[in-house]
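Asks: Protein chains in written order, with numbering that gives the first Met the number 0: chain A, 0 to 287; chain B, 0 to 333; chain C, 0 to 275. Even for Gly, the Cβ is constructed at its ideal location relative to N, Cα and C. None of the values given here were measured: they were computed from a predicted structure.
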Amino acid sequence: MATHHSRSAARLMMAPAVVLLLGWMLVPLTMTLYFSFKKYLPLRGGDLGWVGFDNYVRFVSSSAFWPSVLTTLTIVGGVLVITVVFGVLLAILLNQPMWGQGFVRILVIAPFFVMPTVSALVWKNMFMDPNYGLLAHLWEFFGAQPVEWLSQASLQSIVMIVSWQWLPFATLILLTAIQSLDSEQLEAAEMDGAPALMRFAFITLPHLGRAIAVVLLIQTIFLLSIFAEIFVTTGGAFGTKTLTYLIFQRVLESQNVGLGSAGGVYAIILANIVAIFLMRIVGKNLDK
Amino acid sequence: MGQIKLSKVSKRFGDVEVIPPLDLTIADGEFTVFVGPSGCGKSTLLRLIAGLEDITSGSIQIDGTDTTDVPPAKRGLAMVFQSYALYPHMSVRKNIAFPMRMAGVPAQEQDRRIAAAAEALNLTDYLDRRPGQLSGGQRQRVAIGRAIVREPQAFLFDEPLSNLDAALRVGMRMEISELHKKLQTTMIYVTHDQVEAMTMADKIVVLRAGVIEQVGSPLDLYHTPCNEFVAGFIGSPKMNLIKGAEAQKHGVATIGIRPEHVEVSSTAGLWHGTVGVAEHLGSDTFLHIHGVAGCDPMTVRVDGELPVKHGDEIYLTPQNDKLHKFDGQGLRVD
Amino acid sequence: MARAVSQRRKILFTVAAWSVGVLIFFPILWTILTSFKTEAQAIADPPIFLGFDWTLENYSAVLERSNYGRFLWNSIIIAGGSTLLGILVAVPAAWSMAFVPSKRTKDILLWMLSTKMLPAVGVLYPIYLLCIHLGVLDSKIALVFILMLINLPIIVWMLYTYFKEIPSEILEAARMDGATLKEELLYVLTPMAIPGIASTILLNVILAWNEAFWTLNLTAAKAAPLTAFIASYSSPEGLFYAKLSAASTMAIAPILILGWFSQKQLVSGLTFGAVK
Ligand SMILES: Nc1ncnc2c1ncn2[C@@H]1O[C@H](COP(=O)(O)OP(=O)(O)OP(=O)(O)O)[C@@H](O)[C@H]1O
Ligand SMILES: [Mg+2]
Numbered sequence: 000m001a002t003h004h005s006r007s008a009a010r011l012m013m014a015p016a017v018v019l020l021l022g023w024m025l026v027p028l029t030m031t032l033y034f035s036f037k038k039y040l041p042l043r044g045g046d047l048g049w050v051g052f053d054n055y056v057r058f059v060s061s062s063a064f065w066p067s068v069l070t071t072l073t074i075v076g077g078v079l080v081i082t083v084v085f086g087v088l089l090a091i092l093l094n095q096p097m098w099g100q101g102f103v104r105i106l107v108i109a110p111f112f113v114m115p116t117v118s119a120l121v122w123k124n125m126f127m128d129p130n131y132g133l134l135a136h137l138w139e140f141f142g143a144q145p146v147e148w149l150s151q152a153s154l155q156s157i158v159m160i161v162s163w164q165w166l167p168f169a170t171l172i173l174l175t176a177i178q179s180l181d182s183e184q185l186e187a188a189e190m191d192g193a194p195a196l197m198r199f200a201f202i203t204l205p206h207l208g209r210a211i212a213v214v215l216l217i218q219t220i221f222l223l224s225i226f227a228e229i230f231v232t233t234g235g236a237f238g239t240k241t242l243t244y245l246i247f248q249r250v251l252e253s254q255n256v257g258l259g260s261a262g263g264v265y266a267i268i269l270a271n272i273v274a275i276f277l278m279r280i281v282g283k284n285l286d287k
Numbered sequence: 000m001g002q003i004k005l006s007k008v009s010k011r012f013g014d015v016e017v018i019p020p021l022d023l024t025i026a027d028g029e030f031t032v033f034v035g036p037s038g039c040g041k042s043t044l045l046r047l048i049a050g051l052e053d054i055t056s057g058s059i060q061i062d063g064t065d066t067t068d069v070p071p072a073k074r075g076l077a078m079v080f081q082s083y084a085l086y087p088h089m090s091v092r093k094n095i096a097f098p099m100r101m102a103g104v105p106a107q108e109q110d111r112r113i114a115a116a117a118e119a120l121n122l123t124d125y126l127d128r129r130p131g132q133l134s135g136g137q138r139q140r141v142a143i144g145r146a147i148v149r150e151p152q153a154f155l156f157d158e159p160l161s162n163l164d165a166a167l168r169v170g171m172r173m174e175i176s177e178l179h180k181k182l183q184t185t186m187i188y189v190t191h192d193q194v195e196a197m198t199m200a201d202k203i204v205v206l207r208a209g210v211i212e213q214v215g216s217p218l219d220l221y222h223t224p225c226n227e228f229v230a231g232f233i234g235s236p237k238m239n240l241i242k243g244a245e246a247q248k249h250g251v252a253t254i255g256i257r258p259e260h261v262e263v264s265s266t267a268g269l270w271h272g273t274v275g276v277a278e279h280l281g282s283d284t285f286l287h288i289h290g291v292a293g294c295d296p297m298t299v300r301v302d303g304e305l306p307v308k309h310g311d312e313i314y315l316t317p318q319n320d321k322l323h324k325f326d327g328q329g330l331r332v333d
Numbered sequence: 000m001a002r003a004v005s006q007r008r009k010i011l012f013t014v015a016a017w018s019v020g021v022l023i024f025f026p027i028l029w030t031i032l033t034s035f036k037t038e039a040q041a042i043a044d045p046p047i048f049l050g051f052d053w054t055l056e057n058y059s060a061v062l063e064r065s066n067y068g069r070f071l072w073n074s075i076i077i078a079g080g081s082t083l084l085g086i087l088v089a090v091p092a093a094w095s096m097a098f099v100p101s102k103r104t105k106d107i108l109l110w111m112l113s114t115k116m117l118p119a120v121g122v123l124y125p126i127y128l129l130c131i132h133l134g135v136l137d138s139k140i141a142l143v144f145i146l147m148l149i150n151l152p153i154i155v156w157m158l159y160t161y162f163k164e165i166p167s168e169i170l171e172a173a174r175m176d177g178a179t180l181k182e183e184l185l186y187v188l189t190p191m192a193i194p195g196i197a198s199t200i201l202l203n204v205i206l207a208w209n210e211a212f213w214t215l216n217l218t219a220a221k222a223a224p225l226t227a228f229i230a231s232y233s234s235p236e237g238l239f240y241a242k243l244s245a246a247s248t249m250a251i252a253p254i255l256i257l258g259w260f261s262q263k264q265l266v267s268g269l270t271f272g273a274v275k
């Protein structure tokens, strides 16, 4: 199915999407690069001229830089591990014979529909608040000292909140993948004498490879740029300042666009490193 | 009305030349069958004619007009696909109407043609079903119905029966042949089933690796295959090809004899061997015989029932006037 | 699975799955319950689960404080508009990739996805400036467009994986039957891909509805959607749990209901080609 008619039609039909995304990538990118070489303070004099690599040097040498990279990677990595591991377990559980499977699925999918601002607010106030939060009551009930979640275990708390939001997504994709597994394969393995754990390791898990790759890719895309969860809960305090948030503070709070733009370029580089890494895995998996 | 002429048509996919330049003329009203082993380029050739693929070089004329650059819809050809390619979201009626709807045929005329096609194909009771609710044979008929109503200059079939079970295949084979007799429209039919080729074709085109090996009527190919490949490909069971001393006696590299042209005896004959497998079909008996020099096993077909079994000694004599001779290049020698 | 499942196993799994389900759903349930309590009951110690006096006072308070209808309307326009626009752009692109693939198809697809990795914050200021220059700051049209661009790679990918499942012979048949490209897309491909398109639309409406970076940073009074509505409760003067819960419930209810009603369609298409 490839005549020159259809090929030129194809090129034409690709054009809008490609042009739009190219514009979306290049225009702001060029502007960001431009600002990153300037001293640009919108509220304090505006464009104050070219400064070469000053912004870049200042941004990396700021004491907040490396911790923010580490925080970003910790959050992304933590959420990925939690959602994939629990996603697989949950998917297997949901795939078992039971009553009311549809209803359980409705319960499990729900967090995905909750906007990040709401889930952050709800978790922060109604669950993690050290005085009135439900978790504090629970701790007290067991005679323990309530934890000040968002200051004492801030990073873990954010990973938890974000994992809660993304677990449904991972579960659903993995569940669909599990359901597509030919049950005859499992039965054959059972006939061959493979115990349940072996069947999981040698048949179910490899079958899920592709789905896991997809979950990793899509979640990473969204997790690299999580914002609302931090904005609402800690405002970047207590070691929860991701690279995204650091740049946000430079640009909006200190109104230093040049510095923020240099940070943006770093963020783009970081995203690309992660992207290349991911694309490798996923690209390979997409071929299968 | 439906003459198709290919001149120096070739096709490459990237670096691979799937079809080297070939010439072929299909006369108006002719039932032409393309046969050949899997991957030899039958579908590709058909799709080139349909316009679903561009030709790399050469030209295709339909009724004397060059259609090389004409899009598929404008070539006046209808195609029936191996997977039927019915539109799953449309009823049978809508499926059949689709090409007419695209061509802007008036509604009344559409209804008339749908009714006629449904009548001819025994689909009248199924017109309001979806393809998913039909059996394989019925789906096949819908696909043919969709082709008929366009009143095309020629029909193209790509292995239309290969998804059907054996019994249905025989029935549909007849229906398509009858359709051809009735419509008298040019048909090009791709198959790798040589029974279909022999029974349906006015003209068979044997392809190997994109090259036309021979063109002719079914009996032409049966009686005078132009080379060893065609000899082996047409006819079932396959022709026995014998090399070595036995062929030397006739002064050629290879001689061929069809299984049905070998006389069997338990006492005397030209060749001698042992029965390996004997297949008793009732109507015929197929013997696979080991030990004949230059051809192992040799296949022999005997009419009716012959009481031999594995391990029996047997004597064979070819009918001399039915011998085929081939030279060192595998070409026919007369 | 012709095997008789032992009743006990089934009971066990049912209990386990329901427990996990309720646990995961609990934060939402708790929020909804709290929204019907008085402020005092909302922070009562020990917490009250069901035995409280149901009241609607929080909802009326929230409605009094802010113009919920406008936020809701903005959310609908932004989420719906960006998704539909995205579908319009993505269907042809996905058609090309699925049915006229070339060596570069996969690269283009991965490149598209990689644009999604562009950290929004890195380009916030340029976009902000562009919006000011074009006079579209705090306008729905700007957000429709931006969210369309953000979700476009996802839309293209989902549609692509869906279209790839459709045998190309059917489209070729349409072509032989005289359908133009437009007719082929309109009468054959799109109807066949309805489940996939529905699922794509649902997912992207959800994503756009919940998007909380651009919607927070590029809107003020006029175009602010529900994300902004709820963000205004993020620094409560004192703690008003019940009102916060009411506002939260109002912000998530529309999409939660939509999601629940359409979860079958959503889930069926949510494979990204991960399931063969
Ligand atoms: N789009 C394509 N790109 C590259 N190679 C192709 C393409 N289509 C077909 N080929 C190659 O061209 C050759 C001929 O293919 P074709 O489908 O015409 O064979 P065929 O004779 O119809 O076989 P079959 O009987 O199995 O259907 C094959 O080797 C095939 O791999
Ligand atoms: Mg073929």
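With DSSP as the reference, identify every bridge partner of B/His271, one or two as the case may be.
Replies: Per DSSP, B/Tyr314.
Asks: Find the nearest neighbour of B/Asp27 within the set B/Asp302, B/Gln183, B/Ile241 and B/Thr190, judged by alpha-carbon distance.
Replies: Residue B/Gln183 is the option with its Cα nearest to B/Asp27.
Asks: Mark B/Thr266 as exposed unless 16 or more other C-beta atoms lie within 10 angstroms of its C-beta, in which case mark it buried.
Replies: Exposed, by the Cβ-count rule.
Asks: By the three-class DSSP mapping on this structure, what secondary structure does B/Val194 have?
Replies: Of the three classes helix, strand and coil, the one that applies to B/Val194 here is helix, per DSSP.
Asks: What does DSSP give as the partner residues of B/Lys4 in its beta bridges?
Replies: Partner(s): B/Thr24 and B/Gln60.
Asks: Secondary structure at A/Met24, three-state DSSP: helix, strand or coil?
Replies: In the structure shown, A/Met24 sits in a helix (DSSP, three-state: H, G or I).
Asks: Give a yes or no on whether the minimum CB-CB distance between B/His88 and chain C is below 8 Å.
Replies: Yes, contact with chain C.
Asks: B/Ala277 bridges to which residues according to DSSP?
Replies: Paired residues: B/Leu286.
Asks: Run through chain B and tell me which residues come within less than 8 Å of C/Gly68, C-beta to C-beta.
Replies: None at all; the shortest Cβ gap to chain B is about 39 Å.
Asks: Which ranges does the alpha helix (DSSP H) cover as unbroken runs of at least 4 residues, wholly within the segment 224 to 250 of chain B, from first to last along the chain?
Replies: Segments of the alpha helix (DSSP H) lying fully in the segment 224 to 250 of chain B: 227 to 232 and 244 to 247.
Asks: Check this for me: beta carbons of C/Thr270 and A/Thr170, under 8 Å apart or not?
Replies: For C/Thr270 and A/Thr170, no; Cβs fall outside 8 Å.
Asks: Would you check if the distance between the CB atom of A/Glu228 and the CB atom of A/Ala119 is smaller than 8 Å?
Replies: Yes.
Asks: Any heavy atom of ligand 2 closer than 7 Å to the beta-carbon of B/Asp157?
Replies: Yes, Cβ of B/Asp157 sits closer than 7 Å to a heavy atom of ligand 2.
Asks: So, helix, strand or coil for C/Phe144, using DSSP?
Replies: C/Phe144: helix per DSSP, three-state reduction.
Asks: Residues in the segment 220 to 242 of chain A with C-beta within 8 Å of chain B's C-beta atoms, listed in sequence order?
Replies: Within the segment 220 to 242 of chain A, no residue has a Cβ that lies closer than 8 Å to any Cβ of chain B.
Asks: Between which two residues does the alpha helix (DSSP H) carrying B/Leu76 extend?
Replies: Run containing B/Leu76: none in the alpha helix (DSSP H); it sits in the beta strand (DSSP E), Leu76 to Val79.
Asks: What residues from the segment 45 to 69 of chain C come within 9 Å of chain B, judged by C-beta to C-beta, listed N to C?
Replies: Going along the segment 45 to 69 of chain C in chain order, one finds no residue with a Cβ nearer than 9 Å to chain B.
Asks: Please find out if some non-hydrogen atom of ligand 1 comes closer than 7 Å to the beta-carbon of B/Thr43.
Replies: Yes, Cβ of B/Thr43 sits closer than 7 Å to a heavy atom of ligand 1.
Asks: For chain A, is any of its Cβ atoms less than 8 Å away from the one on C/Ile27?
Replies: Closer than 8 Å: yes.
Asks: Once you ignore the five residues that flank B/Pro87 on each side, which residues in its own chain have a CB closer than 8 Å to its CB?
Replies: The answer, listed in chain order, is Arg129, Pro130 and Gly131.
Asks: Might you give, ordered along the chain, the residues of its own chain that have their beta carbon closer than 7 Å to the beta carbon of B/Ser92, omitting 5 neighbours on each side?
Replies: Here the sequence assigns Arg to residue 92 of chain B, which means Ser is not the residue at that position. Cβ within range, chain order: Ile113, Leu126 and Asp127.
Asks: Which of the three DSSP states is assigned to B/Ala254 in this structure?
Replies: First, the residue type needs correcting, since residue 254 of chain B is Ile and not Ala in the sequence shown. Correct three-state label for B/Ile254: strand.
Asks: As a quick exercise: from A/Ile157, A/Leu88, A/Pro110 and A/Arg10, pick the residue whose alpha carbon is nearest that of C/Ala92.
Replies: Checking every option, the nearest Cα to that of C/Ala92 belongs to A/Arg10.
Asks: Determine the chain A residues that contact C/Val276 at a beta-carbon separation under 7 Å, and present them in chain order.
Replies: Any property of residue 276 of chain C remains undetermined from this structure, which presents chain C solely from 0 to 275.
Asks: Step through the CB atoms of chain A and report whether any lies within less than 8 Å of the CB of C/Ser247.
Replies: So yes, C/Ser247 belongs to the interface.
Asks: Per DSSP, B/Thr298 is paired with what?
Replies: According to DSSP, which records beta bridges pairwise, B/Thr298 is partnered with B/His287.
Asks: Hey, does C/Ile169 have any beta-carbon neighbour from chain B nearer than 8 Å?
Replies: Chain B, which has a Cβ nearer than 8 Å to the Cβ of C/Ile169, makes this yes.
Asks: Grab the span of the beta strand (DSSP E) containing A/Asp46 for me, first residue to last.
Replies: Taken as a continuous stretch (DSSP letters only), the beta strand (DSSP E) holding A/Asp46 covers Gly45 to Trp49.
Asks: Measuring CA to CA, which of A/His206, A/Leu216, A/Gly132 and A/Pro15 is closest to A/Val87?
Replies: When only C-alpha atoms are compared, the closest one is A/His206.
Asks: Is B/Pro20 close to chain C? Criterion is C-beta to C-beta, closer than 8 Å.
Replies: Chain C, which has no Cβ nearer than 8 Å to the Cβ of B/Pro20, makes this no.
Asks: Given this structure, state the Cα-to-Cα distance separating A/Val213 from A/Ile74, to the nearest angstrom.
Replies: So the two alpha carbons sit approximately 19 Å from each other.
Asks: By how many angstroms is the C-alpha of B/Asp302 removed from the C-alpha of B/Gly290?
Replies: Rounded to whole angstroms, B/Gly290 to B/Asp302 spans 23 Å at the Cα level.
Asks: Under 8 Å between C-beta atoms, does A/Pro96 make it to chain C?
Replies: So, interface residue.
Asks: With a threshold of 8 Å between beta carbons, is B/Ser37 in contact with chain C?
Replies: B/Ser37 does not count as touching chain C.
Asks: To the nearest angstrom, how far is it from the Cα of B/Ile149 to the Cα of A/Val17?
Replies: First, the residue type needs correcting, since residue 149 of chain B is Arg and not Ile in the sequence shown. One C-alpha to the other measures close to 38 Å.
Asks: Would A/Thr2 count as contacting chain B if we go by Cβ distances under 8 Å?
Replies: True, the Cβ-Cβ gap to chain B drops below 8 Å.
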